[in-house]
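Heads up, the working numbering is the position in the sequence shown plus 2, with the first residue counted as 1. We treat Cβ as the ideally placed atom computed from N, Cα and C, and that holds for glycine. Predicted model, so just to flag it, every value in this text is computed and none were measured. Notes to accompany the following structure.
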Amino acid sequence: MVSLAAEAFTRDVALVSGKSMQIGNKTASSSIIIAGTLGKSEAVDALVKQEGTNVSALKGQWESFLIKVISPTKLLVVGK
């Protein structure tokens, strides 16, 4: 599900901005969006812990997500 959402998001960004994005599973030094499912992505789980992200609103929910700006060049999207 996360990969489908990522693909749709990159298409939307291209339509709106004219700029293309790449989908990957490794972080880079440039602007990135880190997206994954809570409890199923080690990278997302580590960032949630590292950043002290409150994910309590996702507990017991279906098809829910939260978005957190980590830095000017990093955006975290956590789904459940």
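Bounds of the alpha helix (DSSP H) holding Leu49 are 44-53. Here Leu6 is exposed. Its C-beta has fewer than 16 other C-beta atoms within 10 Å.
In this structure, Val80 and Val50 form a Cβ contact; the two beta carbons are roughly 6 Å apart against a cut-off of 8 Å. If you ignore the 5 residues before and after Ile35, its C-beta comes within less than 7 Å of the C-beta of Leu77, Val79, all in its own chain and listed in chain order.
Non-local C-beta neighbours of Thr75 in its own chain, meaning closer than 8 Å and more than five positions away in sequence, comprise Ser32, Ser33, Ile34, ordered along the chain.
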